[in-house]
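Here the structure comes first, spelled out in structure tokens, and everything after it is commentary.
Protein chains: 2
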Amino acid sequence: MTAKRADIAGGNQMKRFIVATALLLAVAAYPSLAESGRDIAMKGTKNAPACSACHGAQGEGQPAAAIPRLADLNPFYITHQLTSFADGSRKNDTMSPFAKALTPAERQAVAEYYAGLPLPKTAPGKPADAAMLTAGAAIAERGDWSRGVPACSQCHGAAGAGVGTTFPRLAGQSANYIEAQLNAWQTGVRRNDPMGLMNGISKKLDKDQIAAVAAYYAALPHALAATAPSTKPMQHAAVTGKFAPPPDSAIPDNDFGKMVRLGENIFRDTPHYAPHYVGNTLQCSSCHLDGGRLAGSAPLWAAYVAYPAYRSKNKHVNTFEERMQGCFRFSMNGKAPPLGSETLVALESYSYFLAKGAPVGADMPGRGYPNLPKPPLPFSYARGERVYAQHCALCHGGDGQGQASADGTPDFPPLWGPHSFNWGAGMGSVKNAAAFIKANMPLSRGGSLSVQDAWDVAAYVDGHERPQDPRFAGSVAATRTKYHDSPMSLYGQTVNGVLLGEHAPPPGGH
Amino acid sequence: MTAKRADIAGGNQMKRFIVATALLLAVAAYPSLAESGRDIAMKGTKNAPACSACHGAQGEGQPAAAIPRLADLNPFYITHQLTSFADGSRKNDTMSPFAKALTPAERQAVAEYYAGLPLPKTAPGKPADAAMLTAGAAIAERGDWSRGVPACSQCHGAAGAGVGTTFPRLAGQSANYIEAQLNAWQTGVRRNDPMGLMNGISKKLDKDQIAAVAAYYAALPHALAATAPSTKPMQHAAVTGKFAPPPDSAIPDNDFGKMVRLGENIFRDTPHYAPHYVGNTLQCSSCHLDGGRLAGSAPLWAAYVAYPAYRSKNKHVNTFEERMQGCFRFSMNGKAPPLGSETLVALESYSYFLAKGAPVGADMPGRGYPNLPKPPLPFSYARGERVYAQHCALCHGGDGQGQASADGTPDFPPLWGPHSFNWGAGMGSVKNAAAFIKANMPLSRGGSLSVQDAWDVAAYVDGHERPQDPRFAGSVAATRTKYHDSPMSLYGQTVNGVLLGEHAPPPGGH
């Protein structure tokens, strides 16, 4: 592999040289976009005043006046906001006339300028006490699934660093500004959010939660030290009639509690805490939302009380530990941690903790995914492609490869290809994927897709190549016969002209 | 070892020859005890009629008339009964005058004669249907712990084969006779039972149970094929207010159920079903009575919901499987089955089955042993020795080595010595042993010993040498410092002139 890469690199050197030379000439000949933008920002145009008058010479904003920091925001995001001010999908009496006064090219230029400014030192936001920061941290990093609110960080990235062109950086933004925007989403004054995600989420938050989460992001990264992990009691039972796992605050402060916390860390950040056993960029919590707490998203508490159990998948009685080994081997495209290893004991301890009070052996309401009716029409890859583009690509990318936070942390999981789950995973069953998608996707809008759309988009996702089934039986045909003999598996079938499994990258990821 | 044994055997040959010759001469010179007994049995004495008139020429008895079979009964047992008839502790209008008419020597002779007769073909007892046999089997082989009744087989041996000189063979005895005797114990007409055991147990049985168990033993060994394992619903909850594990009849008839049944078999007959991991003649159910169901006897259902948990014994978080490994290593003086092995998965499946409906993480009432108050006086080996002789030796033997059934199956567990639990076992703690004994011993009479007696006899039992602690740290002193640094462990202390641990047989049993 190394030799091959070197050859390719060598072959590319000439191309690179040509491109770089061309760019250099272009830059020398014309002022860059950012340089044009600098002029607009600092001096204004004949129709618009200088942006820096309000947003500051360094793009630092004015926290007290709810004027946002612009420095280091994604340029496409800034451009999109200026366009929204201009077309009225984002209303602001000050900004609307200025945005209208700029040409599309000027908007792009000023956006490039601000995007290129270094992140300023965090300006102190509103004073916030530790309790408020802790409450904010809970929503930001864990969500409030009792109200259907995912963690802000699931879209805006770890520690609010921002993801892609759509989900802006929140860390260090002023609390007044964040609070004002959440209120604007909530009341519909602002409605330029993709897929109406923020409109839906903001409506689920109450005034105190909005204030808390705004204070938290304003205080980042300093807030991280001041806050404890979520201590907010979960309210699933009251809201959904389902089992209520205990809050994190109930984790005991002793050696057992340490193991529970390690388990939770592994669950929420698997590649980091269990690197030897993970061969992709997924986390346990990618499929088990709310850290394994959420009913209808294969919650850990429901699974824990259902094992040991016989599984037709491997035709013997599996303990809970062996069941988790399967997750690592297939869904995480890695290798099974040994029985009794700290990784499995920690995950089992965490699951046991979440299941506290659940009756052993019960078929818990909320287990797995809700039953999904059969689709009115047979599922279709082609229709699924359209559903995907409309509802999924925003986060998972048009190529299905997910997105990372601005700081590089994997954020939205890849849905196919070499960095996704492999052909042995349960999510590779169209039925399983459809049930998960219907109940939980798009994030914060579970239940919004039609039954037909859920089946179709599941077929589209599962109709792509992914890492080989680690149980590969010598040929795709033999492996299909042995492990995929179901219309719910597209492995070994030709989809969109591709015989799935035929060009699967090797399993194991590394 | 082999060479040494051969030497000893060689040295013993002359002694053997002398003894054998002497015996031969004695036999030739005098009629044997059994021959004298035959005369009495067949012809009677001048004061007593022939026993065979009622008990039959082959000692087969008369089932319809409730006249017992005598053939193959233990000679000491028969002698004791004749003495009881003579002294009035067993009342029977027919037998009392005849027994009185025999001299002690004549009683012994006739007992030897009948003991030497071969077991007759089973005479058909009362007709009994399968339901009755099944109900009888449940009591005979499992007991009815909801009423504090241990399995008959726990004292009378596997399949009623009889144990030692005290617990007679029941298999093939007539149903009418067994029923009549249980009624006689119940009403106090018969009261020659050791420690009042049968008096206590018979009072806990109702009329139907007595009839059923009598029918079952009469029909053995043929009854075994006709009966299913206990399908009687357990009634612990109603009777004791404690958690009620599901009855065996709730074990599902599928692959998971097979694993549960295997687990139960391992639990109740550990040396047979898990031979590679057991180094003594104990069973899991030796300490966990009623197959791990009995509250106050470390029931499995209470333990199952308490793991994973941190254990100070090994200073880390243990899963339930690892906890069970400890039982094999220490209490069973064997070696730990590997994690994920069929042995552990089966035992975990059985425990999970028993815990069905118990809340995960709950501190279940009935867990472990009931709290035992501190003793009024410091525990004493010397006082314990007296308690042991009075209450324990009957079953566990004067030498603490337990007893086997007449068919050789280990029955009462050895309490010390090379075939008992090793120095690493929890029962080696005087506190644990005292709590277990107070709650559960003597079998069927739990709670009858005083607090002081329980502590004293626990100290006596734990004050004997047993297999070495497998964690042996190079010296007894070092091992005591590292693992036994508690006044509750007598390991490394000098008791009755013995430095315990100093001459411990190696652990592992094999």
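Protein chains in written order, with numbering that gives the first Met the number 0: chain V, 0 to 509; chain F, 0 to 509.
By construction, the Cβ of each residue, glycine as well, lies at the ideal position given by its N, Cα and C atoms.
task = For Pro504 (chain F), collect the residues of the same chain with a Cβ closer than 6 Å to its Cβ; drop the 5 residues on either side in sequence, then sort them by chain order.
result = Taking the second sequence and counting its residues from 1, the one referred to as residue 504 (chain F) is at position 505. Within the same chain, Pro504 (chain F) has close Cβ partners Pro417, Pro466.
query = At which residues does the beta strand (DSSP E) containing Tyr309 (chain F) begin and terminate?
reply = Reading the second sequence from its first residue, position 310 is the one you call residue 309 (chain F). Judged by DSSP secondary structure, Tyr309 (chain F) falls within the beta strand (DSSP E) whose first and last residues are 308-310.
task = Report, in whole angstroms, the separation of the C-beta atoms of Ala457 (chain V) and Val497 (chain V), which I expect to be a contact under 8 Å.
result = Position 458 of the first sequence holds residue 457 (chain V). Position 498 of the first sequence holds residue 497 (chain V). Not confirmed; about 17 Å, so no contact.
task = Have a look at Ile250 (chain V) and Ser348 (chain V) and give me their C-alpha separation to the nearest angstrom.
result = Here residue 250 (chain V) is taken as the residue at index 251 of the first sequence, counted from 1. Here residue 348 (chain V) is taken as the residue at index 349 of the first sequence, counted from 1. So the two alpha carbons sit approximately 11 Å from each other.
inquiry  = Less than 7 Å between C-beta atoms, sequence neighbours within five positions excluded: which residues of the same chain meet that for Asp38 (chain V)?
reply    = Within the first sequence, the letter at position 39 stands for residue 38 (chain V). So the list is empty, once near-sequence residues are dropped.
key: Under the three-state DSSP convention, the category Thr493 (chain V) falls into   = Counting from one through the first sequence, the residue named residue 493 (chain V) turns up at place 494. If DSSP states are grouped into helix, strand and coil, Thr493 (chain V) belongs with the strands.
request  = Pick out whichever of F:Gly401, F:Ala47, F:His483, F:Asn431 has its Cα sitting closest to the Cα of Phe471 (chain F).
outcome  = To locate residue 471 (chain F), count along the second sequence from 1; it is residue 472. Selected option, being the one with the closest Cα: F:His483.
request  = Output the distance between the C-alpha atoms of Leu32 (chain V) and Leu101 (chain V), rounded to the nearest integer angstrom.
outcome  = Within the first sequence, residue 32 (chain V) is the residue found at index 33, counting from 1. Within the first sequence, residue 101 (chain V) is the residue found at index 102, counting from 1. Between Leu32 (chain V) and Leu101 (chain V), the C-alpha separation is close to 14 Å.
query = Which residue spans inside the stretch 274-316 of chain V form an unbroken alpha helix (DSSP H) run of at least 4?
reply = With a minimum length of 4 residues, the unbroken runs of alpha helix (DSSP H) contained wholly in the stretch 274-316 of chain V fall at 283-286, 288-291, 299-303.
inquiry  = Pop quiz: Cys53 (chain V) and Ile66 (chain V) are said to be a contact at Cβ under 8 Å. What is the actual Cβ separation, rounded to whole angstroms?
reply    = Locating residue 53 (chain V) in the first sequence gives position 54, where the first residue counts as 1. Locating residue 66 (chain V) in the first sequence gives position 67, where the first residue counts as 1. That belief holds up - the Cβ atoms of Cys53 (chain V) and Ile66 (chain V) are roughly 5 Å apart, short of 8 Å.
task = Check the Cβ of Glu321 (chain F) against every Cβ in chain V and list those closer than 7 Å, keeping chain order.
result = Counting from 1 along the second sequence, the entry for residue 321 (chain F) is found at position 322. What Glu321 (chain F) touches in chain V: Gly339.
task = Please check if any C-beta of chain V sits within less than 8 Å of the C-beta of Asp452 (chain F).
result = Along the second sequence, one-based indexing puts residue 452 (chain F) at 453. Asp452 (chain F) does not count as touching chain V.
ask   = Would Pro390 (chain F) be called buried (16 or more neighbouring beta carbons within 10 Å of its own) or exposed?
value = The residue you call residue 390 (chain F) lines up with position 391 of the second sequence. It is worth fixing the name first, because residue 390 (chain F) is His in this sequence and not Pro. It counts as buried.
ask   = Taking the Cβ atom as the reference point for each residue, do Asp143 (chain V) and Ala114 (chain V) lie within a distance shorter than 8 Å?
value = Here the question's residue 143 (chain V) lines up with position 144 in the first sequence. Here the question's residue 114 (chain V) lines up with position 115 in the first sequence. Cβ distance not < 8 Å, so Asp143 (chain V) and Ala114 (chain V) don't count as in contact.
query = Excluding five sequence neighbours on each side, which residues of the same chain lie with their C-beta closer than 6 Å to the C-beta of Leu489 (chain F)?
reply = Residue mapping note: residue 489 (chain F) aligns to position 490 of the second sequence, counting from 1. Taken in chain order, the residues that qualify are Asp461, Gly462, Leu499.
message = Does chain F have any CB closer than 8 Å to the CB of Ala236 (chain V)?
response = For the purposes of this step, residue 236 (chain V) is identified with residue 237 of the first sequence, where counting begins at 1. Reliability of the predicted coordinates at Ala236 (chain V) is poor, the pLDDT of 37 falling under 50, and the value obtained from them is presented with this limitation in mind. By this cut-off, Ala236 (chain V) is not an interface position.
message = I want to verify the contact list: residues of chain F whose CB lies under 8 Å from the CB of Gly360 (chain V), in sequence order.
response = Position 361 of the first sequence, counted from the start, is the residue given in the question as residue 360 (chain V). Those are Tyr351, Phe352, Ala354, Lys355, Gly356, listed as they occur along chain F.
ask   = Starting from Pro96 (chain V) and walking both ways along the alpha helix (DSSP H), at which residues does that stretch end?
value = Here residue 96 (chain V) is taken as the residue at index 97 of the first sequence, counted from 1. 94-100 is the extent of the alpha helix (DSSP H) around Pro96 (chain V).
key: Proximity below 8 Å, CB of Tyr216 (chain V) to CB of Gly159 (chain V)   = Start at 1 with the first residue of the first sequence, and residue 216 (chain V) comes out as number 217. Start at 1 with the first residue of the first sequence, and residue 159 (chain V) comes out as number 160. Yes, these two residues count as a Cβ contact at 8 Å.
Reference Val303 (chain V); option with closest CA among V:Ser485, V:Ser152, V:Leu343 = Taking the first residue of the first sequence as position 1, residue 303 (chain V) is located at position 304. First, the residue type needs correcting, since residue 303 (chain V) is Tyr and not Val in the sequence shown. The shortest Cα separation from Tyr303 (chain V) among V:Ser485, V:Ser152, V:Leu343 belongs to V:Leu343.
ask   = Taking Cβ positions, are Ala438 (chain F) and Gly295 (chain F) nearer each other than 8 Å?
value = Position 439 of the second sequence holds residue 438 (chain F). Position 296 of the second sequence holds residue 295 (chain F). Contact: yes.
query = Among V:Arg382, V:Glu34, V:Gln400, which has the Cα closest to the Cα of Trp454 (chain V)?
reply = Here residue 454 (chain V) refers to the residue found at position 455 of the first sequence. Of the listed residues, the one whose Cα sits closest to Trp454 (chain V) is V:Arg382.
key: Within-8 Å CB hit, Asp254 (chain F) to chain V   = Counted from its first residue, the second sequence places residue 254 (chain F) at position 255. Closer than 8 Å: yes.
key: Thr480 (chain V) at chain F interface by Cβ criterion, 8 Å   = Numbered from its first residue, the first sequence carries residue 480 (chain V) at position 481. By this cut-off, Thr480 (chain V) is not an interface position.
Cut-off 7 Å between Cβ atoms - residues of its own chain near Glu59 (chain F), not counting five sequence neighbours on either side = As a working mapping, residue 59 (chain F) is identified with position 60 in the second sequence. Around Glu59 (chain F): Arg68, Ala70, Pro119, Ala122.
key: Element boundaries [alpha helix (DSSP H), containing Asp38 (chain V)]   = Position 39 of the first sequence, counting from 1, holds the residue named residue 38 (chain V). Segment 32-42, the alpha helix (DSSP H) holding Asp38 (chain V).
query = Using a beta-carbon distance below 8 Å, is Pro298 (chain F) in contact with chain C?
reply = Protein chains V and F are contained in the structure displayed, whereas chain C is not.
message = Please state the DSSP three-state secondary structure of Leu498 (chain F).
response = Stepping through the second sequence from its first residue, residue 498 (chain F) is reached at position 499. Leu498 (chain F): strand per DSSP, three-state reduction.
Alpha carbon of Tyr351 (chain V) to alpha carbon of Ala357 (chain F), nearest angstrom = The sequence position of residue 351 (chain V) within the first sequence is 352, counting from 1. The sequence position of residue 357 (chain F) within the second sequence is 358, counting from 1. In a straight line, the C-alpha of Tyr351 (chain V) is about 13 Å away from that of Ala357 (chain F).
query = Since Asn332 (chain V) and Phe242 (chain V) are thought to touch, with beta carbons under 8 Å apart, how far apart are those beta carbons, to the nearest angstrom?
reply = Counting from 1 along the first sequence, the entry for residue 332 (chain V) is found at position 333. Counting from 1 along the first sequence, the entry for residue 242 (chain V) is found at position 243. Their Cβ separation, rounded to whole angstroms, is 30 Å, which puts Asn332 (chain V) and Phe242 (chain V) out of contact at 8 Å.
query = Near Ser95 (chain F), which residues of its chain fall below 6 Å by C-beta distance, leaving aside the five closest residues on each side in sequence?
reply = Numbered from 1 along the second sequence, position 96 holds the residue referred to as residue 95 (chain F). Excluding residues within five positions, the ones whose Cβ falls inside 6 Å are Phe84.
Residue-chain proximity (Glu263 (chain F), chain V), Cβ-Cβ < 8 Å = The residue given as residue 263 (chain F) occupies position 264 in the second sequence. Answer no: the Cβ-Cβ gap between Glu263 (chain F) and chain V never drops below 8 Å.
task = Determine the chain V residues that contact Tyr272 (chain F) at a beta-carbon separation under 7 Å, and present them in chain order.
result = The sequence position of residue 272 (chain F) within the second sequence is 273, counting from 1. The contacting residues do not exist; Tyr272 (chain F) stays about 16 Å from chain V at best.
key: Chain-ordered chain F contacts of Thr342 (chain V) [CB-CB under 8 Å]   = As a working mapping, residue 342 (chain V) is identified with position 343 in the first sequence. Contact note: Thr342 (chain V) does not reach chain F at a C-beta cutoff of 8 Å; the least C-beta distance is about 12 Å.
request  = For my contact list, Ala345 (chain V) and Met258 (chain V) are in at a C-beta cut-off of 8 Å; report their separation, rounded to the angstrom.
outcome  = Taking the first residue of the first sequence as 1, we reach residue 345 (chain V) at position 346. Taking the first residue of the first sequence as 1, we reach residue 258 (chain V) at position 259. Confirmed, Cβ separation roughly 5 Å.
Residues near Lys90 (chain V) by beta carbon distance below 6 Å, same chain, minus five either side = Counting from one through the first sequence, the residue named residue 90 (chain V) turns up at place 91. So the list reads Val188, once near-sequence residues are dropped.
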